[in-house]
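**Student:**
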Amino acid sequence: MEDKPESKPKLPVVDQVSAGGVAFRRTGATIEVALISVGKDNRWQLPKGIVDPGETPEVTAVREVREEAGLRAELLEQLEKIEYWYVGNKGSQRVRFHKFVYFYLFRYSSGNIQDHDWEVNEARWVEINQAQQLLAFNSEKQVVAKAAEKIAQL
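Numbered continuously in the working numbering, the sequence shown closes out at residue 170.
Here it is, written out as structure tokens:
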């Protein structure tokens with residue numbers, strides 16, 4: 017009789033929805049976008065967060081840009097919906113997260129980027145091409161590239 021390898025129990029799946037945005041401003045001929053630095057490794061990313069119960073992704077994106085980057089901005093349009101999987105903890109249980117992230121394009125209205133949330137190490141305006149080099153996640157680099165195309169049409 018053959019020994020069968022022990023199969024690992026499958027982790028439960030949890031759907032998770034986040035939303036965030038590419039907030040931009042023009043300074044002369046230069047286009048800048050708001051980036052935030054988070055975590056111990058100062059990872060640069062776009063402002064985003066979990067959609068709270070009763071919120072739409074659009075409302076969450078507006079809130080996260082305000083909280084994490086200190087900015088008020090006009091939501092112009094949806095840029096992208098990203099989907100991926102990762103393993104993490106929900107409470108004390110190990111789970112597989114099936115994550116969806118909605119990104120929106122925002123035009124800066126007001127606010128000071130230094131007035132960011134406590135969760136953020138630093139927030140700053142970065143020239144849009146430099147932002148694509150600083151961002152930690154390839155998916156967010158692609159979102160900023162798409163934003164650059166849309167901004168050029170405005």
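Quick reminder that beta carbons are idealized off the backbone N, C-alpha and C, glycines included.
Bear in mind the structure is a predicted one, so any value in this text is a computation, not a measurement.
Contact defined as beta carbons within less than 8 Å: I believe Val54 pairs with Asn137. What is the distance between those atoms, to the nearest angstrom?
**Tutor:** 6 Å
**Student:** Using a 10 Å radius around the Cβ and a threshold of 16 neighbouring Cβ atoms, would you call Glu48 buried or exposed?
**Tutor:** buried
**Student:** With DSSP run on the structure shown, which of helix, strand or coil describes Ile66?
**Tutor:** strand
**Student:** Roughly how far, in whole angstroms, is the beta-carbon of Val67 from the beta-carbon of Val38, given that I think they are within contact range, below 8 Å?
**Tutor:** Contact doesn't hold; Cβ gap of about 18 Å is too wide.
**Student:** Among Trp60, Asp133, Gln94 and Phe153, which has the Cα closest to the Cα of Val75?
**Tutor:** Gln94
**Student:** For Ala152, name the three-state secondary structure that DSSP assigns.
**Tutor:** coil
**Student:** What does DSSP give as the partner residues of Pro88 in its beta bridges?
**Tutor:** Note that residue 88 is Arg in the sequence shown, not Pro. Looking at the DSSP assignment, Arg88 forms a beta bridge with Ser126.
**Student:** So Glu165 packs on Ser125, CB below 8 Å; how close in whole Å?
**Tutor:** So it is not a contact: roughly 22 Å between Cβ atoms.
**Student:** Ignore the nearest five residues each way along the sequence and tell me which others in Ser155's own chain have a CB closer than 7 Å to its CB.
**Tutor:** Ile98
**Student:** Along the chain, where does the beta strand (DSSP E) containing Glu48 start, and where does it finish?
**Tutor:** Thr46 to Val54
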